[in-house]
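Numbering (our numbering), first residue to last: 320 to 657. Cβ coordinates follow ideal geometry from the N, Cα and C atoms, glycine included. Since this is a predicted model, take the numbers as computed values, not measurements. Accompanying notes for the structure given below.
The following block contains the structure:
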């Protein structure tokens, strides 16, 4: 007599669990952003026949990977309640030192890549130290680094003699594969991005440091009272963001076959927009890597749409600004309602 009851209860619980999963999925910020991406892609299908051509799709994916890799680091920074405006300039400076070392031949190409990654890591660490030790606000500290790193890119391109140069060639096939290569039909930068997405998503979800990043952003004082070193957490996220910006720079230079002094100009806005669109709050404490990558896809599709639809540059700039304001406004409304 009792067995049917046990079976029914177990079935009900299973149903409730499944329903709870789908309810959480449908109510998640990431799902809403994904629907927006799907809607944008469908709209582009009707606006221009060129959008779905394979070459164009690959261009969108490459653009998404550059923004997406930097958005991984920016997500962690924004979760802590900070911001990094210097990623575009760090991208340029790191790519430039890599290209300069390869061009002069003083080290092997892959040693030059490691030095470039180390250079970006150093610039990111300097950001973190200025914020945590000198107590300069993230906005001001990274705004200063934006200018410093861009100046270093010009210095590395031109040299101390003051000769004018805007780019340095980077022509090593093995290194250029990072930005221009394919694994089967898939651009290698896309594979790099998704590997990093998986690694850092697992890191944020399952490691102590990952949970501390959320704790610092949610309530820094409470996190400190719980024994969390907020300064070390912040130093880590800014440092790793410098590394990821450097990787994006080397990938971009590899794709183009040259490192340009103006590379990454304005990219920081796309990266921040991607993270905010993806559901991260500028107040800190919330955000996911998956959401930011979907946001990066939206930004890449928008940039591509502007080109295909022949939007003038002023319209592109205005549109990106409006997207950022809209995303932040939605975040503010969401925070007040919760």
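| Query | Result |
| --- | --- |
| Whole runs of the alpha helix (DSSP H) within the stretch 431-460, excluding any shorter than 4 residues | none |
| Euclidean distance between Cα positions of residue 494 and residue 382 | 19 Å |
| Close Cβ partners of residue 426 (< 6 Å) along its chain, the five nearest in sequence each way excluded | 420 |
| Local conformation of residue 501 per DSSP, three classes | strand |
| C-beta atoms of residue 444 and residue 568 nearer than 8 Å | no |
| Residue 558 (DSSP reduced to helix, strand or coil) | helix |
| Short Cβ contact (8 Å threshold) for residue 556 with residue 395 | yes |
| Option nearest residue 611 by Cα separation, candidates 501, 452, 422 and 398 | 398 |
| Alpha-carbon to alpha-carbon, residue 519 and residue 442 | 21 Å |
| Cα-Cα separation between residue 605 and residue 591, rounded to whole angstroms | 14 Å |
| Assigned secondary structure, residue 577 (DSSP; H/G/I helix, E/B strand, else coil) | strand |
| For residue 547, three-class secondary structure by DSSP | coil |
| Span of the alpha helix (DSSP H), counted from its first residue to its last, around residue 487 | Residue 487 -> not in any alpha helix (DSSP H); beta strand (DSSP E) instead, spanning 486-488. |
| Best match in 390, 374, 486 and 359 for proximity to residue 607 [C-alpha to C-alpha] | 390 |
| Alpha-carbon to alpha-carbon, residue 593 and residue 614 | 4 Å |
| Limits of the alpha helix (DSSP H) - the one that residue 424 falls within | Where residue 424 is concerned, there is no enclosing alpha helix (DSSP H), given that its DSSP letter is neither H nor E. |
| Residue 547 to residue 401 span [Cα, whole Å] | 17 Å |
| N- and C-terminal bounds of the alpha helix (DSSP H) containing residue 404 | Neither: residue 404 is in no alpha helix (DSSP H) and is coded neither H nor E. |
| Cβ neighbours of residue 565 in the same chain (closer than 6 Å, five flanking residues each side left out) | 413, 435, 436 and 439 |
| Residues near residue 492 in its chain [Cβ-Cβ closer than 8 Å; skip 5 each side] | none |
| Minimum C-alpha distance to residue 418 - residue among 653, 623, 630 and 474 | 474 |
| Residue 633, buried or exposed, once every other Cβ within 10 Å from all chains shown has been counted against 16 | exposed |
| Residues near residue 600 in its chain [Cβ-Cβ closer than 6 Å; skip 5 each side] | 650 |
| Of the listed residues 623, 635 and 521, nearest to residue 374 (C-alpha basis) | 623 |
| Any non-hydrogen atom of the ligand FMN within 7 Å of residue 339 CB | This structure lacks the ligand FMN; in fact it carries no ligand of any kind. |
| Same chain only: Cβ atoms within 6 Å of residue 640, ignoring 5 sequence neighbours per side | none |
| Closest by C-alpha distance to residue 351, when choosing among 596, 369 and 376 | 596 |
| DSSP-derived helix/strand/coil call for residue 373 | helix |
| Nearest residue (CA-CA) to residue 562, options 448, 587 and 406 | 406 |
| Contact set for residue 369: own chain, Cβ-Cβ below 8 Å, skip 5 residues either direction | 375 and 627 |
| Extent of the continuous alpha helix (DSSP H) run through residue 589 | 586-596 |
| Pairwise C-alpha distance: residue 478 and residue 643 | 37 Å |
| One or two residues paired with residue 506 in a DSSP bridge | 501 |
| As assigned by DSSP and simplified to three states, the class of residue 491 | coil |
| Sub-8 Å separation of residue 476 and residue 580 beta-carbons | yes |
| Under 8 Å between C-beta atoms of residue 496 and residue 573 | yes |
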